[in-house]
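Chains as they are written, first to last, in our numbering: chain P, 207 to 538; chain S, 207 to 538.
By construction, the Cβ of each residue, glycine as well, lies at the ideal position given by its N, Cα and C atoms.
Written below as C-alpha cells is the structure these notes are about.
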C-alpha cells in the first residue's frame, strides 16, 4: 500500500513535506510516494535520509495556493495535485495527501476520481483534536458553501461511516450545528435538516450550539461548508493567538518548572494550545469521492504531514471508499 | 438619566444583578432602576447596600430563559422584560439591560419600541474584548438567522454608527465574515453582500476569514445572525475550556509567582482567558430599534452586569438612537 503526498503543496513544501514523509515511513511503516520535482526531491531525500519505502513520482507543475481552483486543475495536468489524484484513480496509490490549494484538491478529486454513486456532494470532514477527551468530526468544512437540507443529511451519513471505520466508534452520535438548541429556532437550512435527520437511522442527538462544540456531546457535528469553515478557522485564530502569547520556548521553560512543582494546569493548557496549532495538527478527509483524499493545513510542518499521512493510511486500510459505496447502495 | 435593568433575568438573578447595579452606581455615577419583585429586591438592597441612585420598579412576572419568545412577551405584560422595555418606550429610562431570555428581549423591543424608520432588521451587535489591542464589533449575533444581502449592508451601517458613537472610531473599518478572502468564493449571501458593500460609502475592507477575526483587521465584522451566533459561542466555548483548565484559584497562585519571576506570558494568557469569560464580559446592543437595549450574557455575574450597564449608559449618552434615525433619513 502506497500513500502519495503532494511534495509541492503548502507553505513549507518541499522541506517539511519530505521530513514528514520520512517520519511517517519510520513511525507507521507506510510506503510513501513524494509527488513533485524529482531532482529537487532527490537532493532533499539525500539530505534528510534515504528510505527504501520512499519513492518519487515526477510532477513538473505547481498549483499556487491563490490560483482559481477549476482553472488551475484544467490548465496544469502535470501539477502535483492532479498527478497525485490520478495515482489514486489508477490504483497506484491508496490515498493522496496534500497541504496545497484546498479548492484545487477538491476540484481535482471531483474531476479525476468522481463522486461515489448516490453521493450528491462530497464534503470535507475535519478531525478535531483540541480536547483529546472529546475528539470530534466536523463536516463540511468548506467543500460546499451553499447547501440544501438533504446535503447535510448525507454529510452526516458520510462522517458516520468515517467515524465507524477510522475511529472505531460503533454508533457515532450526530449533532447538527445550530444557533439554538431548540428544534425550530435556527435558520431555515438547520430547521429543515433537523426534521430530515430525525427520520434517518443515524444516532442523531439534536442541535449543538457553538459553545457545545468542544463539550463532547457529539462524535460528528454537521454543518454547511460556509459555517464549518468559519468555525474551524475561528478556533485556529484563537489557537494562533494563544500560541503567540505562550511563546514556544518560554512555554517549554515554564511548563518544565510547573511540572516539577506539580502545578499541572499550565502544562495541560500548553498541551491544548499545542493541539490547536495547525502547523502540527489538522487534516480533513474528502468524503464521497472514489478515492481517499486527505487535505492537510496549508501551514503544515513535518509533524502535521506525518499525521495527515497516518490519517490517509487509516482511511485506506479500513476501505472507507468501499464502505461508503456499499452503504449508498443499501440506503437506496 | 436612568438605566433600567432586568433584575429577574439571567442565571444569577437577582443577587448578581443587584450587586452589579450597585457597583455601576458607585463606579459610573449612573442612576439604575431595578425591574423585578419589589419585596425581594428591597431585601437584597438592604443586604448589599442602600444607594440613593438605586430605585425599584415593580414587575410581578418572570419570563423563563427557555420560554418561546413571542408567546412569552404577549402573555406576560408584567414581566421584567416587558416592563423594562416600556420604561424606555415611555421615556422613563434611557436604556434597558437584560441578561434574560434574549429572544424575548428582542421581541419585546420589536413590539414595544418598534424599528427606527428605514431600518429593515434590527440586529444584535456584540462588543468583543478578547484581545484588548484589537477590540471589534460583531453584528448580527442572533437576531436574524436568515438574511438577505441588503440586511447585511444595513447591519454594517448600524454597527458603524455604534462604533463612531460609543467607541469614538472616526471611520470604522467594516469587514465581511467569509469562508474565503476572495471576492467571489464564499456563499451566495456573502458574494452578493460583498458587491453591495463595495458601493456604499462605508469604510469596507473586504472579506475577513474566521482565522482573522481576532487579528484586528476590521472594527466591525458583519455576518448573518446564524453564523454570528455560532462564532460568538464557539469563542465562548473555547474560553470555558481554557478557564476550566486554568482553574481560578490555581491560576491566581501561579500568575502571582510568574509575575514575581517576570515570566509575563502566563499572566497575559490568564488575562485573555478572563476576557473570554462571559460571566464577566460580553454584552450586545440591539441596534435599529427606537431605544437603547443591551443584552447581557445569561451567565452574567455582577461584573458583567456592571459592564453592561456601563455600555447602555454610553449608548444613551451618545444618543445612538437619534444618530441612527438621522442617518437613515440622510441615506434615503
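Residues in the same chain with beta-carbon distance under 8 angstroms from residue 367 (chain S), minus the five sequence neighbours each way, listed in chain order, please.
What you label residue 367 (chain S) is simply residue 161 of the second chain in a count that begins at 1. Cβ neighbours of residue 367 (chain S) beyond the five flanking positions: 493, 526, 529, 530, 533.
Just how far apart, CA to CA, sit residue 280 (chain S) and residue 360 (chain S)?
Indexing the second chain from 1 puts residue 280 (chain S) at position 74. Indexing the second chain from 1 puts residue 360 (chain S) at position 154. Each residue's alpha carbon lies about 28 angstroms from the other.
Helix, strand or coil at residue 340 (chain P) [DSSP, three-state]:
For the purposes of this step, residue 340 (chain P) is taken as residue 134 along the first chain, with counting starting at 1. Of the three classes helix, strand and coil, the one that applies to residue 340 (chain P) here is coil, per DSSP.
Chain S beta carbons: is any one of them nearer than 8 angstroms to that of residue 276 (chain P)?
The count along the first chain starts at 1 and reaches residue 276 (chain P) at position 70. Taking Cβ atoms only, chain S never reaches closer than 8 angstroms to residue 276 (chain P), which makes this a no.
Within the region 233-295 of chain S, note down every full alpha helix (DSSP H) run reaching 4 residues or more, in order along the chain.
244-254, 275-281, 286-295
Please classify residue 468 (chain S) as buried or exposed, where buried requires at least 16 neighbouring CB atoms within 10 angstroms.
For the purposes of this step, residue 468 (chain S) is taken as the residue at position 262 of the second chain. Per-residue confidence for residue 468 (chain S) stands at a pLDDT of 35, beneath the threshold of 50, marking its modelled position as unreliable; the derived number appears in the next sentence. Flag for residue 468 (chain S) reads exposed.
Cα-Cα separation, residue 349 (chain S) to residue 296 (chain P):
In the second chain, residue 349 (chain S) corresponds to position 143, counting from 1. In the first chain, residue 296 (chain P) corresponds to position 90, counting from 1. For residue 349 (chain S) and residue 296 (chain P), the distance between alpha carbons rounds to 51 angstroms.
Can the beta-carbon of residue 239 (chain S) be found closer than 8 angstroms to that of residue 269 (chain S)?
Locating residue 239 (chain S) in the second chain gives position 33, where the first residue counts as 1. Locating residue 269 (chain S) in the second chain gives position 63, where the first residue counts as 1. No.
Rounded to whole angstroms, how far is the Cβ of residue 215 (chain P) from the Cβ of residue 286 (chain P), which I believe are closer than 8 angstroms?
Start at 1 with the first residue of the first chain, and residue 215 (chain P) comes out as number 9. Start at 1 with the first residue of the first chain, and residue 286 (chain P) comes out as number 80. So it is a contact: roughly 6 angstroms between Cβ atoms.
In angstroms with no decimal places, state the Cα-to-Cα distance between residue 431 (chain S) and residue 346 (chain S).
Translated into the one-based positions of the second chain, residue 431 (chain S) becomes position 225. Translated into the one-based positions of the second chain, residue 346 (chain S) becomes position 140. Between residue 431 (chain S) and residue 346 (chain S), the C-alpha separation is close to 5 angstroms.
Are the region 410-429 of chain P and the region 329-343 of chain P touching by the rule of at least three beta carbon pairs closer than 8 angstroms?
yes
In or out: residue 256 (chain S) buried (at least 16 other Cβ within 10 Å) or exposed?
By one-based count along the second chain, residue 256 (chain S) stands at place 50. Exposed, because fewer than 16 other Cβ atoms sit within 10 Å of the Cβ of residue 256 (chain S).
Interface partners of residue 402 (chain P) on chain S, CB under 9 angstroms
Translated into the one-based positions of the first chain, residue 402 (chain P) becomes position 196. The premise fails here: residue 402 (chain P) is roughly 18 angstroms from chain S at the closest Cβ pair, so nothing lies under 9 angstroms.
Near-chain P residues of the region 412-435 of chain S - C-beta to any C-beta below 9 angstroms
415, 416, 417, 418, 419, 420, 421, 429, 430, 431, 432, 433, 434, 435
DSSP three-state assignment for residue 353 (chain S), whether helix, strand or coil
Start at 1 with the first residue of the second chain, and residue 353 (chain S) comes out as number 147. Reduced to three states, the DSSP call for residue 353 (chain S) is coil.
At a Cβ threshold of 8 angstroms, is residue 207 (chain S) touching chain P?
Counted from its first residue, the second chain places residue 207 (chain S) at position 1. Answer no: the Cβ-Cβ gap between residue 207 (chain S) and chain P never drops below 8 angstroms.
Counting only beta-carbon separations shorter than 8 angstroms, does residue 494 (chain P) have a partner in chain S?
One-based indexing of the first chain puts residue 494 (chain P) at position 288. Closer than 8 angstroms: no.
Between residue 348 (chain P) and chain S, is any beta-carbon pair separated by less than 8 angstroms?
Mapped onto the first chain, residue 348 (chain P) falls at position 142. Yes, contact with chain S.
Looking at the structure shown, is residue 408 (chain P) part of a helix, part of a strand, or coil, going by DSSP?
Within the first chain, the letter at position 202 stands for residue 408 (chain P). Here residue 408 (chain P) sits in coil by DSSP.
Whose C-beta lies closer than 7 angstroms to the C-beta of residue 524 (chain S) among residues of the same chain, with five residues either side of it excluded?
Here residue 524 (chain S) refers to the residue found at position 318 when the second chain is read from its first residue. 371, 372, listed in sequence order.
Under 7 angstroms by beta carbon: chain C residues contacting residue 393 (chain P)
Looking for chain C here will not work: the only protein chains present are P and S.
Secondary structure at residue 469 (chain P), three-state DSSP: helix, strand or coil?
Position 263 of the first chain, counting from 1, holds the residue named residue 469 (chain P). For residue 469 (chain P), the pLDDT reaches just 45, beneath the cut-off of 50, and the residue's location in the model is therefore unreliable, leaving the point undetermined.
Using 8 angstroms as the threshold, is the C-beta distance between residue 380 (chain P) and residue 410 (chain P) below it?
Working through the first chain from its first residue, we reach residue 380 (chain P) at position 174. Working through the first chain from its first residue, we reach residue 410 (chain P) at position 204. Taking 8 angstroms as the Cβ cut-off, residue 380 (chain P) and residue 410 (chain P) qualify as a contacting pair.
For a contact defined as C-beta to C-beta under 9 angstroms, what are the partners of residue 446 (chain S) on chain P?
The residue you call residue 446 (chain S) lines up with position 240 of the second chain. Chain P residues near residue 446 (chain S): 417, 420, 421.
Coil, strand or helix - residue 458 (chain P) by DSSP:
Reading the first chain from its first residue, position 252 is the one you call residue 458 (chain P). Because the pLDDT of residue 458 (chain P) is 46, which lies under 50, any placement of that residue in the model is unreliable, and the number read from its coordinates should be weighed accordingly. Helix.
Going by other Cβ atoms of all chains shown within 10 Å of its Cβ, with 16 needed for buried, is residue 253 (chain S) buried or exposed?
As a first step, residue 253 (chain S) must be located in the second chain, where it is residue number 47. So residue 253 (chain S) counts as exposed.
CB contact below 8 angstroms: residue 442 (chain S) versus chain P
Taking the second chain and counting its residues from 1, one reaches residue 442 (chain S) at position 236. Yes, contact with chain P.
Residue 496 (chain S) and residue 382 (chain S) look like a contact to me (Cβ under 8 angstroms); what is the Cβ gap, rounded to whole Å?
Counting from 1 along the second chain, the entry for residue 496 (chain S) is found at position 290. Counting from 1 along the second chain, the entry for residue 382 (chain S) is found at position 176. In fact, because the Cβ distance is near 27 angstroms, the residues do not count as touching under 8 angstroms.
C-beta atoms of residue 294 (chain P) and residue 362 (chain P) nearer than 8 angstroms
For this step, residue 294 (chain P) is matched to residue 88 along the first chain. For this step, residue 362 (chain P) is matched to residue 156 along the first chain. Their beta carbons are not under 8 angstroms apart, which means residue 294 (chain P) does not touch residue 362 (chain P) by this criterion.
Where does residue 332 (chain P) fall in DSSP's three states?
Looking up residue 332 (chain P) in the first chain gives position 126. Residue 332 (chain P): strand per DSSP, three-state reduction.
Please compile the residues from chain P whose C-beta is within a distance smaller than 8 angstroms of the C-beta of residue 319 (chain S).
Reading the second chain from its first residue, position 113 is the one you call residue 319 (chain S). The contacting residues do not exist; residue 319 (chain S) stays about 22 angstroms from chain P at best.
Would you check if the region 503-514 of chain P and the region 217-224 of chain P touch, i.e. whether three or more CB-CB distances between them fall below 8 angstroms?
yes
Here's the rule: buried if 16 or more other CB atoms are within 10 angstroms of the residue's CB, otherwise exposed. What is residue 442 (chain S)?
Stepping through the second chain from its first residue, residue 442 (chain S) is reached at position 236. By the neighbour-count rule (16 or more Cβ atoms within 10 Å), residue 442 (chain S) is buried.
Would you say residue 250 (chain S) reaches chain P, if we count a Cβ-Cβ gap shorter than 8 angstroms as a contact?
One-based indexing of the second chain puts residue 250 (chain S) at position 44. Output row for residue 250 (chain S): interface = no.
Assuming residue 501 (chain P) and residue 490 (chain P) form a contact by the criterion Cβ under 8 angstroms, report the distance between their Cβ atoms to the nearest whole angstrom.
Along the first chain, read from residue 1 onward, the residue named residue 501 (chain P) stands at position 295. Along the first chain, read from residue 1 onward, the residue named residue 490 (chain P) stands at position 284. With 8 angstroms as the limit, residue 501 (chain P) and residue 490 (chain P) qualify as a contact, their Cβ atoms being about 5 angstroms apart.
DSSP three-state call for residue 384 (chain P): helix, strand or coil?
Taking the first chain and counting its residues from 1, the one referred to as residue 384 (chain P) is at position 178. Looking at residue 384 (chain P) - three-state DSSP - the assignment turns out to be strand.
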